[in-house]
Ligand SMILES: O=C(O)CCC(=O)C(=O)O
């Protein structure tokens with residue numbers, strides 16, 4: 059595994075390394091998800107949160123009122139690639155600390171950015187139905203990973219994600235896009251496969267869960283007045299190629315995040331910088 063060289067100036071701030079103990083690596087490798095507590099400090103979150111929340115407020119101004127949205131729309135306000143709009147957001151998303159943890163959990167030498175995504179569950183927001191992220195991702199690898207980091211403390215009554223343990227080992231479980239059908243079908247699949255479900259419970263701002271692209275997951279509704287502001291960052295192993303399947307749910311991702319790189323070619327478009335090692 060690549061590490062910071064002591065001959066070079068040591069990274070500081072949000073790039074400073076986090077020492078990952080073996081337990082989360084083992085949990086991630088077997089269960090397809092894990093939690094890393096205190097990955098960002100209170101001071102770091104306090105420094106980045108106003109920028110990130112301000113950007114999301116601007117980028118989601120036109121979202122219709124809750125009662126006019128479908129199940130997916132009620133789950134969260136969503137804003138993508140904040141890093142392209144603001145230097146501070148870029149510093150957060152390009153953090154070598156976060157990318158190195160992602161690489162270490164997957165056991166790969168390098169990771170590229172797929173995209174960032176803010177997922178803010180509003181007060182009264184609905185549940186996030188069961189789904190597999192990789193349904194949307196035209197990437198020819200299983201080495202994909204999402205970091206889900208709250209910018210606020212998330213108590214148990216707001217809730218964090220629930221994962222189906224080891225569901226990633228089954229790969230593609232049915233290509234259902236997020237919605238009522240994915241919730242119903244994956245509920246059945248969780249029962250049929252006797253998958254054990256697990257949540258990491260309440261989280262502090264700066265804690266982070268990590269999950270693989272094929273790990274089944276969901277999140278509960280938010281019955282509280284708290285805005286559950288969460289930043290996610292998605293990476294994939296350096297050297298990954300674009301999948302031959304760029305149809306259906308993957309069509310827009312191929313256009314938006316992979317610069318329509320032809321299937322079979324290396325996924326390293328202008329929006330996919332190498333973030334670890336860099
Ligand atoms: O934030 C949520 O409610 C769901 C997040 C999610 O599905 C993801 O990060 O892949």
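Residue numbers (our numbering): 59 to 336.
The beta-carbon is built from N, C-alpha and C at its ideal position, and this holds for glycine as well.
Predicted model, so just to flag it, every value in this text is computed and none were measured.
The beta carbon of residue 82 sits closer than 6 Å to the beta carbons of 92 and 94 from its chain, once the five residues preceding and following it are set aside; these are given in chain order.
Closer than 7 Å to some heavy atom of ligand 1: that does not describe the Cβ of residue 138. In this structure, residue 275 has its beta carbon less than 7 Å from a heavy atom of ligand 1. Counting along the chain, no beta strand (DSSP E) covers residue 109; the unbroken alpha helix (DSSP H) around it starts and ends at 100-117. Between ligand 1 and residue 133, a heavy atom-to-CB distance of less than 7 Å is present. Counted as a single uninterrupted DSSP element, the alpha helix (DSSP H) harbouring residue 159 occupies residues 154-164. Taking the CA atoms as reference points, residue 126 sits about 28 Å from residue 143. Under the three-state reduction of DSSP output, residue 88 falls in the helix class.
Annotation for residue 327: 316, 317 and 319 place their beta carbon closer than 6 Å to its own, counting only its chain and skipping 5 residues before and after. Look at residue 315 here: in three-state DSSP terms it is helix. Using a C-beta cut-off of 8 Å, the stretch 290-303 makes contact with the stretch 149-162, since at least three inter-stretch Cβ pairs fall below that distance. Residue 231 counts as buried, since at least 16 other C-beta atoms from the protein chains shown sit within 10 angstroms of its C-beta. Between residue 174 and residue 140, the C-beta gap is smaller than 8 Å, which places the two residues in contact.
Distances between the C-beta of residue 158 and the heavy atoms of ligand 1 are all 7 Å or more.
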